[in-house]
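In this note's numbering, the protein residues as written are 16 to 692.
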């Protein structure tokens, strides 16, 4: 007998087969000695587990409870990091702290809703958003004043309200509460809720409209699909235990047993032992003898099970046993175990907690690999089930007027889901050792600097994920010249990486933008730094225009990456082709002629094409706001059109003020030695 849901069912019953077994057999049943394959067929019927069964099963089986809880627990333990791609003067953690202060403990709500969603098929979080709208109205994102509260509702407490237009049943527009809400609150019984104000957490998703409609508008519990495998596994355990306990048979040889069974008993001693006299007929003798043999066998079996021994008549009884071999039984159980584990979607080593047990290597590297494998699966699960609700809640929080961002949605914000990985101290050391080897190679190749690698150790926890900024936005500020003491005209600073222009770089690579915050127009750098605040768009545009003009006028102090020889000149290349300058992708290299001085007292700037055998030099007049600024040289080209094309790809078109061809002799006239002479 096997117990399910408070009742009992026979292992060999047809009812059990129809309800739970993947193989059904109406002719022979399950667990009998008859042929189980002659009339067997695949059972495709789905018996939906009741709400009570879904409630009781995790309480009955720790393994089912573990299958439900593992993903949500580890995903919420890893949680998330909110990141901004621009500097808005606010730490993203302040937004997360804002959410932590919302009534209802949103992190615990996510854990509970995700767990209940896996157990029952769906669970929900209602959002108390103060935006002037009713619960059945879409969220007015530009009117959000505050997020007041969050609360979890179970599957039986909220149901889809399709109305007259069913539409996509997998994502209904409205829901209705089937519970008594809090007093003086919006979440009262029967209230209608728009999906903007509901976060949904599902178990096994039903993507087909018909399937989810037949299921009452809900998704499946993860228990539904894995229950058949779990029931087969439980039956296998019960059958194996019964086989080992009950199939160990003993034999008992009795002298004259066949004669006694026939009732052919004539000896006075035998009749006396059976309690009979000579007047008993053969039928009576036969019945009494069989009863005697039955009681004798039962007594021996009970004696064997209690004292692990056997008492027998030395003269008339000969005990023995039937030797049975159970080879392959363990493999059958392994297959049932594998099928059950596979149906949960959880690796066997995690479901059964096998790390460090027999068959699983206990080495640091092997254990770490398994932990990374599980962390990766948790991350995938969180990406599919947690990311969308988290992103929506974080977006509402940033749009709230009482949040740290004051209703401003930072550009390029994102929710990062870190790996749910907890390493032992020994594993941590091993990981850092491997990362150090990686960093050593990458630093020597120039992929990133030692200072950038150091960031991995700056946080409270070691983070091996090194995210690099674009090369042209890193801090490459050169030392400013002292003006009087080391003026560019008197000192060549090429050797220390400068081009003789000792002016600080000052965010030259940022693409400044105008944005609206509330009633104000603000000018921001690409990293989000506030550069100015204005009442009108025209004033903001004026500041942006002035910033752009000053930015292009500022001399470039970017360190030289490479020096080349061209027609007797040393050319210091500060940018190589396909690097960014002023937010634009350069089609050519860019730098300056070393030991030269133009009309502005600075080294001559030059765009360098790839045709370095060409002796041609072109001087392009650069204009800013319609006024002449300076001349930019172009070499490595064979035509005037080619020079113009390179300039227009690197600079705004309005900066082009004309072009002329320059001779090498004229160019040599800008050399410092020639000027001094």
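Even glycine gets a Cβ: it sits at the ideal position worked out from N, Cα and C.
Since this is a predicted model, take the numbers as computed values, not measurements.
Any non-hydrogen atom of the ligand MN within 8 Å of residue 245 CB: With respect to the ligand MN, the structure shown offers nothing to examine, as it has no ligands at all.
Cβ neighbour criterion (16 or more within 10 Å) applied to residue 435: buried
Cβ pair residue 635, residue 659 closer than 9 Å: yes
Continuous beta strand (DSSP E) stretch holding residue 143: start and end: 137 to 145
As assigned by DSSP and simplified to three states, the class of residue 621: strand
Residue 594: first and last residue of the uninterrupted beta strand (DSSP E) it sits in: Element bounds for residue 594: n/a, residue is neither H nor E.
Whether residue 174 touches residue 232 by CB criterion (9 Å): yes
Extent of the continuous alpha helix (DSSP H) run through residue 294: Taken as a continuous stretch (DSSP letters only), residue 294 belongs to no alpha helix (DSSP H), as it is neither H nor E.
Whole-Å CB distance - residue 355 paired with residue 244, under 8 Å assumed: 4 Å
Closest Cα partner of residue 249 within the set 353, 601, 170 and 155: 353
Buried versus exposed call for residue 685 [16 or more other C-beta atoms within 10 Å across all chains shown]: buried
Residue 680 burial status per 10 Å Cβ neighbour count (16 or more: buried): exposed
Cβ shell of residue 373 (< 6 Å), same chain only, five flanking positions each side left out: Reliability fails at residue 373, whose pLDDT of 42 lies under 50, so the model's placement of it is uncertain and the value that follows must be treated cautiously. Around residue 373: no qualifying Cβ.
Residue 666 and residue 597 closer than 9 Å at C-beta: yes
Rounded distance between the beta-carbons of residue 234 and residue 183, thought under 8 Å: Actually they are not in contact, since the Cβ atoms of residue 183 and residue 234 sit about 14 Å apart, beyond 8 Å.
Sheet register partners of residue 122 (DSSP bridge): Partner(s): none; residue 122 has no beta bridge.
Contact set for residue 589: own chain, Cβ-Cβ below 8 Å, skip 5 residues either direction: 514, 571, 573, 574, 575, 576, 605, 606 and 607
C-alpha gap between residue 650 and residue 103, whole angstroms: 42 Å
Coil, strand or helix - residue 418 by DSSP: coil
Within 9 Å, strictly: CB atoms of residue 125 and residue 140: yes
Pairwise C-alpha distance: residue 457 and residue 580: 29 Å
At least 3 beta-carbon pairs within less than 8 Å: the stretch 92 to 108 vs the stretch 424 to 440: yes
Cross-strand partners of residue 659 (DSSP beta bridge): Partner(s): none; residue 659 has no beta bridge.
Endpoints, the alpha helix (DSSP H) within which residue 227 is located: 224 to 229
Neighbourhood of residue 79 by C-beta distance below 6 Å, restricted to the same chain and skipping five residues each side: 72 and 73
Assigned secondary structure, residue 281 (DSSP; H/G/I helix, E/B strand, else coil): coil
Identity of the residues DSSP links to residue 587 by a beta bridge: 578 and 607
Nearest to residue 624 (by Cα), restricted to the options 593, 645 and 616: 593
Beta-bridge pairing of residue 236 - partner residues as DSSP gives them: Residue 236 pairs with nothing; no bridge assigned.
Proximity below 9 Å, CB of residue 251 to CB of residue 351: yes
Beta-ladder partner(s) of residue 636, from DSSP: 646
Residues near residue 362 in its chain [Cβ-Cβ closer than 6 Å; skip 5 each side]: none
Buried/exposed call for residue 153, threshold 16 Cβ in 10 Å: exposed
Extent of the continuous alpha helix (DSSP H) run through residue 97: No alpha helix (DSSP H) contains residue 97, which is instead part of the beta strand (DSSP E) from 96 to 98.
Own chain, CB closer than 7 Å to residue 113, minus 5 neighbours either side, in chain order: 412, 418 and 419
The stretch 529 to 537 touching the stretch 546 to 553, judged by at least three CB pairs closer than 8 Å: yes
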